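**Q**
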Ligand code: F6R
């Protein structure tokens, strides 16, 4: 969480930092701030709230200069106040820093620094780093005759970070070093943009787009010293390094809202296109299979895989659950889905031929990254199913598959989910055709998949009905979401969508599990959303639905077009096209996305920026 941007060059840093923070706001929007070097001092402006609040402050109290740093915050330590906003000042203004990550030993360090006379203004862990750095600068200056030397400040930062436990991406400026910014990373991403007579640093490449396409991805324990004319990259253990410059391609900042009121709605409506993009160029019709360019494993290695682990968080984890069902049904490969936050610390026995897929929209989720690294360390081939090109997970995995869904701006993930499910369906086809799936079955899957963009277009026609239904359900405070087999993960995902953007308590369950406890919740004011398309398990889900109706629970059903049996039984029905069981999540998830969207709008919630959340969760 938290977005960082820094600049040293010849442009007006204020405008550039503000634009960068706007692009990084998906990482946190609790507060925003910038610091600009003014020759003999560093000036900070910061405000609780969105970047636009900071802009208002800057209108009344402007600053300008050509060296600066900025930050958009997702609060970890300390409330969302002006004072807790970044940048944070160390000592008496000698040092100013921005930080992304969590300093686990901040409390011990704070006590020590207070004993040395440092006065804390905020409750953040970051201010500890700022004061610690100021302390070591002071110490190093005492030891040296050369008060101007950059090395003193580098050394001070090295000593400071050697005392930190936790994760950080830090960018620091120093009052007495007007043309320099120094960045260091361990666990939180930082990318350096290389310009002509200027350098940029940011949490991801989005603030650099339009300024430079040459980037250096900092690795853990690297530090970079940037001036207008020089870059000095070093690693904690191996010393000075020559920078590995990559060309940035395919990063899109196309985040125009068009005619839509919110990004979430826009992204829901993009799904016919994003699902088509996830499949583009990935069919081999002659062999009735799928093809992927970036797996980086030869057919022999792939054939030896006898177990798959899918690891992810949140919505991506739900996509993983659909993937488990798909891979086991079509490829007959035993598959497990692990919460990345658990897998990173668990020690499950993973046999040699286990392949690990990290599923992630952002490619920056801290837990997913840590789980991936843990599996890699143990020698397993790791692959990423990822949306953001060039993200940390995409770069660190041995290979991967991009979603090509374009930027997902709404905090609630929608189009990324259906793209992940599409890619997992292609993977099931791919592994299936290497094993037990027949040629005709492969052919049939391909033609069904190719129909999906048009079917999703048809599914979206339920929009008006969902909007109308939502007005009757917006005042309820508890919901149950129920589905079975392929629609069980859809039920979980529907419940998550409602929780996160409308702040309504919702639980997703396999429909048949309900009678083992949750049915006790059913009453006249607890609606159940049943995902009940036709298919193998339809009569069983119907019985579960009857059980809820018998207890006077209001029911909204997601059912197949023309299903009058369900329509007659329930309070409200949303019809979707009839597709084969394994394709149902692509269709049934859409009315649930719309339902949560309209309920949140009716309740006056900030749909695209729900409270307490951030788009990219880069702390554990
Ligand atoms: C929910 C949502 C989150 C993310 C989760 C993982 O709508 O967006 O639950 O799915 O934080 O994020 P990624 O996929 O970026 O790893």
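Numbering (my numbering), first residue to last: 911 to 1530.
For every residue, glycine included, the Cβ atom is placed at its ideal position computed from N, Cα and C.
Quick caveat, the model's predicted, so the values are computed rather than measured.
Distance, Cα to Cα, residue 1349 vs residue 1476?
**A** Locating residue 1349 in the chain shown gives position 439, where the first residue counts as 1. Locating residue 1476 in the chain shown gives position 566, where the first residue counts as 1. Rounded to whole angstroms, residue 1349 to residue 1476 spans 36 Å at the Cα level.
**Q** Would you mind reading off the limits of the beta strand (DSSP E) that contains residue 1219?
**A** Position 309 of the chain shown holds residue 1219. Looking at the DSSP string, the run of the beta strand (DSSP E) that includes residue 1219 is 1217-1222.
**Q** Determine the direct distance from the alpha carbon of residue 1000 to that of residue 963, and round the result to whole angstroms.
**A** Indexing the chain shown from 1 puts residue 963 at position 53. Indexing the chain shown from 1 puts residue 1000 at position 90. Near 24 Å, if we compare the C-alpha coordinates of residue 1000 and residue 963.
**Q** Does any heavy atom of ligand 1 sit closer than 7 Å to the C-beta of residue 1322?
**A** As a first step, residue 1322 must be located in the chain shown, where it is residue number 412. Residue 1322 Cβ: within cutoff of ligand 1.
**Q** Quickly, what does DSSP pair residue 1083 with across the bridge? List them, please.
**A** On the chain shown, residue 1083 is found 173 positions in, with the first residue counted as 1. Residue 1083 pairs with 1006, 1091.
**Q** Between the alpha carbons of residue 1110 and residue 1501, how many angstroms are there, rounded?
**A** Locating residue 1110 in the chain shown gives position 200, counting from the first residue. Locating residue 1501 in the chain shown gives position 591, counting from the first residue. Between residue 1110 and residue 1501, the C-alpha separation is close to 42 Å.
**Q** Cβ of residue 1438 within 7 Å of any heavy atom in ligand 1?
**A** Residue mapping note: residue 1438 aligns to position 528 of the chain shown, counting from 1. Not so, every heavy atom of ligand 1 lies at least 7 Å from the Cβ.
**Q** Who are the near neighbours of residue 1345 in its chain, counting only those whose CB is closer than 7 Å to its CB and skipping five residues on each side?
**A** Here residue 1345 is taken as the residue at index 435 of the chain shown, counted from 1. Closer than 7 Å at the Cβ level, and outside the excluded window around residue 1345, lie 1241, 1242.
**Q** Could you give the distance in angstroms between the alpha-carbon of residue 1425 and the alpha-carbon of residue 1341?
**A** Position 515 of the chain shown, counted from the first residue, corresponds to residue 1425. Position 431 of the chain shown, counted from the first residue, corresponds to residue 1341. C-alpha separation (whole angstroms): 36 Å.
**Q** Can you find a heavy atom of ligand 1 that lies under 7 Å from the Cβ of residue 1315?
**A** The sequence position of residue 1315 within the chain shown is 405, counting from 1. No, Cβ of residue 1315 sits at least 7 Å from all heavy atoms of ligand 1.
**Q** Just checking, does the region 966-977 make contact with the region 1007-1025 on the three C-beta pairs under 8 Å criterion?
**A** no
**Q** Whose CA, out of 1483, 1006, 1332, lies closest to the CA of residue 1375?
**A** Locating residue 1375 in the chain shown gives position 465, counting from the first residue. Checking every option, the nearest Cα to that of residue 1375 belongs to 1483.
**Q** State the CB to CB distance for the pair residue 945 and residue 1083, rounded to an integer number of angstroms; the pair is presumed to be in contact (CB under 8 Å).
**A** By one-based count along the chain shown, residue 945 stands at place 35. By one-based count along the chain shown, residue 1083 stands at place 173. Sure, about 6 Å apart at Cβ, within 8 Å.
**Q** Per the contact definition of three or more C-beta pairs closer than 8 Å, is the region 1512-1528 in contact with the region 1058-1074?
**A** With a cut-off of 8 Å, the region 1512-1528 and the region 1058-1074 do not count as touching, because too few Cβ pairs lie within range.
**Q** Are the region 1463-1478 and the region 1438-1454 touching, with three or more C-beta to C-beta distances below 8 Å?
**A** yes
**Q** Using 8 Å for Cβ pairs, my map puts residue 1390 next to residue 1428. What's the rounded Cβ distance?
**A** Sequence index remark: in the chain shown, residue 1390 carries index 480 (1-based). Sequence index remark: in the chain shown, residue 1428 carries index 518 (1-based). Their Cβ separation, rounded to whole angstroms, is 6 Å, which keeps residue 1390 and residue 1428 in contact under 8 Å.
**Q** Taking 7 Å as the cut-off, is the C-beta of residue 954 nearer than that to any heavy atom in ligand 1?
**A** Indexing the chain shown from 1 puts residue 954 at position 44. Not under cutoff, so the answer is no.
**Q** Less than 7 Å between the CB of residue 1410 and some heavy atom of ligand 1, yes or no?
**A** Sequence index remark: in the chain shown, residue 1410 carries index 500 (1-based). Indeed, a heavy atom of ligand 1 lies less than 7 Å from the Cβ.
**Q** Please tell me whether residue 1331 and residue 1313 are closer than 8 Å, where the distance is taken between their beta carbons.
**A** To locate residue 1331, count along the chain shown from 1; it is residue 421. To locate residue 1313, count along the chain shown from 1; it is residue 403. No, these two residues do not count as a Cβ contact at 8 Å.
**Q** Quick check: the region 1295-1315 against the region 1186-1203, are there 3 or more CB pairs under 8 Å?
**A** yes
**Q** For residue 1247, verify whether its CB is less than 7 Å away from any heavy atom of ligand 1.
**A** The sequence position of residue 1247 within the chain shown is 337, counting from 1. No, since every heavy atom of ligand 1 falls outside the 7 Å radius drawn around the Cβ of residue 1247.
**Q** In its own chain, which residues sit with a C-beta less than 7 Å from the C-beta of residue 1175, not counting the 5 before and 5 after it?
**A** Within the chain shown, residue 1175 is the residue found at index 265, counting from 1. Same-chain partners within the cutoff: 1507.
**Q** Can you list, in chain order, the residues of its chain whose CB lies under 6 Å from that of residue 1233, leaving out five sequence neighbours each side?
**A** Position 323 of the chain shown, counted from the start, is the residue given in the question as residue 1233. For residue 1233, where only same-chain residues beyond five positions count, the Cβ hits under 6 Å are 1220, 1334.
**Q** Any heavy atom of ligand 1 closer than 7 Å to the CB of residue 1517?
**A** As a first step, residue 1517 is located in the chain shown; it is residue number 607 there, counting from the start. Because no heavy atom of ligand 1 lies under 7 Å away, the Cβ of residue 1517 does not count as near it: no.
**Q** What whole-angstrom Cβ distance do residue 1139 and residue 1107 have, given they're in contact under 8 Å?
**A** By 1-based counting over the chain shown, the position of residue 1139 is 229. By 1-based counting over the chain shown, the position of residue 1107 is 197. Rounded, the Cβ-Cβ distance is 7 Å, consistent with contact.
**Q** Would you kindly report the start and end of the unbroken alpha helix (DSSP H) that includes residue 1420?
**A** Residue numbering aside, residue 1420 sits at position 510 when the chain shown is read from its first letter. Here residue 1420 belongs to no alpha helix (DSSP H); instead the beta strand (DSSP E) covers 1415-1420.
**Q** Grab me the residues of residue 993's own chain with a C-beta within less than 7 Å of its C-beta, minus the 5 sequence neighbours each way, in chain order.
**A** As a working note, residue 993 is residue 83 in the chain shown. Excluding residues within five positions, the ones whose Cβ falls inside 7 Å are 1031, 1032.
**Q** Taking 8 Å as the cut-off, does the region 1210-1220 touch the region 1256-1273 (at least 3 CB pairs, one atom from each stretch)?
**A** yes
**Q** In chain order, what residues of the same chain lie with their CB nearer than 6 Å to the CB of residue 1399, ignoring the 5 residues before and after it?
**A** Numbered from 1 along the chain shown, position 489 holds the residue referred to as residue 1399. Closer than 6 Å at the Cβ level, and outside the excluded window around residue 1399, lie 1228, 1231, 1232.
**Q** Which full runs of the alpha helix (DSSP H) of 4+ residues lie inside the region 932-972, going along the chain?
**A** For the region 932-972, whole alpha helix (DSSP H) runs of length 4 or above, ordered along the chain, are 961-970.
**Q** Between the C-alpha atoms of residue 1354 and residue 1180, what's the straight-line distance to the nearest angstrom?
**A** Position 444 of the chain shown, counting from 1, holds the residue named residue 1354. Position 270 of the chain shown, counting from 1, holds the residue named residue 1180. The straight-line gap from Cα to Cα measures roughly 26 Å.
**Q** Under 7 Å from any heavy atom of ligand 1, does the C-beta of residue 1223 make it?
**A** Numbered from 1 along the chain shown, position 313 holds the residue referred to as residue 1223. Result yes, Cβ under 7 Å from ligand 1.
**Q** Considering just the uninterrupted stretch of the alpha helix (DSSP H) at residue 1368, what are its terminal residues?
**A** Along the chain shown, one-based indexing puts residue 1368 at 458. Residue 1368 -> alpha helix (DSSP H) spans 1349-1369.
**Q** Roughly how many whole angstroms lie between the Cα atoms of residue 1209 and residue 1195?
**A** Against the chain shown, residue 1209 aligns to sequence position 299. Against the chain shown, residue 1195 aligns to sequence position 285. Residue 1209 and residue 1195: Cα-Cα distance of roughly 18 Å.
**Q** Does the Cβ of residue 1270 lie closer than 7 Å to at least one heavy atom of ligand 1?
**A** As a working mapping, residue 1270 is identified with position 360 in the chain shown. Within the cutoff, so yes.
**Q** Can you find the residues in the same chain that come closer than 8 Å, C-beta to C-beta, to residue 1178, ignoring five residues on each side of it along the sequence?
**A** In the chain shown, the residue the question calls residue 1178 occupies position 268. Hits under 8 Å: 1324, 1325, 1370, 1500, 1503, 1504, 1507.
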